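Notes to accompany the following structure.
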Amino acid sequence: MKKISLLLLIITQVLNLSAQSLTVTGSNSVLTSDPCLTTHSYLTIKNISNKEHDVLCEKNVISEPAAMSNYFCWGGNCYGSSTIVSASHLTLQSGQADAVSFGGYFDAYCEVGQAIVEYCFYPDGSPLDKSCVYITYHGAATAVSETSPIAISEFYPNPAKEIVRFDYYLNKPAKLIVMDILGNEVKRIRLSERGTQKINISDLSKGIYFGNVVVNNETIAIKKLIVR
232 MKKISLLLLI
242 ITQVLNLSAQ
252 SLTVTGSNSV
262 LTSDPCLTTH
272 SYLTIKNISN
282 KEHDVLCEKN
292 VISEPAAMSN
302 YFCWGGNCYG
312 SSTIVSASHL
322 TLQSGQADAV
332 SFGGYFDAYC
342 EVGQAIVEYC
352 FYPDGSPLDK
362 SCVYITYHGA
372 ATAVSETSPI
382 AISEFYPNPA
392 KEIVRFDYYL
402 NKPAKLIVMD
412 ILGNEVKRIR
422 LSERGTQKIN
432 ISDLSKGIYF
442 GNVVVNNETI
452 AIKKLIVR
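Be aware that the sequence shown starts at 232, since it is given in the working numbering, and climbs by one per residue.
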């Protein structure tokens, strides 16, 4: 019964999600030796669709100490810590990549701590067609605590041919079960409590797959993967 329910959930996602128009690449962890200085991150956003897109940036703060703050720049403008979605867009032609227009910034104000921020990019008017990454901003000598929130990034790059990765922050060990569109298990990988997992997908046929993150026999997240 559980397998049938999971299969129905996967089919529903397939029916509602189209191939992504954008890919997002860059470092998922940023370190600083001086928490009194602003820490910054950069990402490359590429339009992999066959048409032009006006791309918006959306920010979601997963975890951040109360005394610290973050902001981002996109489309020629910078936005304060309270802004979630950019008011301006960046136009990307088909096949065009941009590595200079996005900047993520974190201020620890000389305190020791870290923040986890998710950045998503999507064509204006199509918020479901989003590509997201998690970035961890580390203050000096900071380690992830046992009470860190659960956070799981999308697969990247996506679509992919040979190797994909994803970042995760969990409170306990887990497993990743990759299933095809029919609900058949094609890969099973053990996960530690946190880290970046590299996955070889060169043995998979072209198509749509779903990575199921399972903790204590409960699926806590499903991530779409396109093999090309």
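Each residue gets a CB set at the ideal place from its N, CA and C atoms; glycine is no exception.
If you're wondering where the values come from, they're calculated on a predicted model, not measured in any experiment.
Using the Cβ count rule (16 or more neighbours within 10 Å means buried), how would you classify residue 458?
buried
Which residues does DSSP pair with residue 256 in a beta bridge?
275
Are the CB atoms of residue 395 and residue 456 nearer to each other than 8 Å?
yes
Compare the C-alpha of residue 333 against each of 346, 312, 324 and 317 and name the closest.
317
Give the DSSP-derived three-state secondary structure of residue 311 in the structure shown.
coil
Near residue 341, which residues of its chain fall below 8 Å by C-beta distance, leaving aside the five closest residues on each side in sequence?
Scanning its chain for C-beta atoms nearer than 8 Å, with the 5 sequence neighbours on each side dropped, one finds around residue 341 the residues 266 and 267, in chain order.
May I have the straight-line CA-CA distance separating residue 450 from residue 408, to the nearest angstrom?
Cα to Cα, the separation comes out at about 9 Å.
Which partner residues does residue 349 have in the DSSP bridge list?
291 and 365
Is there contact between the stretch 389-404 and the stretch 319-330, where contact requires at least three CB pairs shorter than 8 Å?
no
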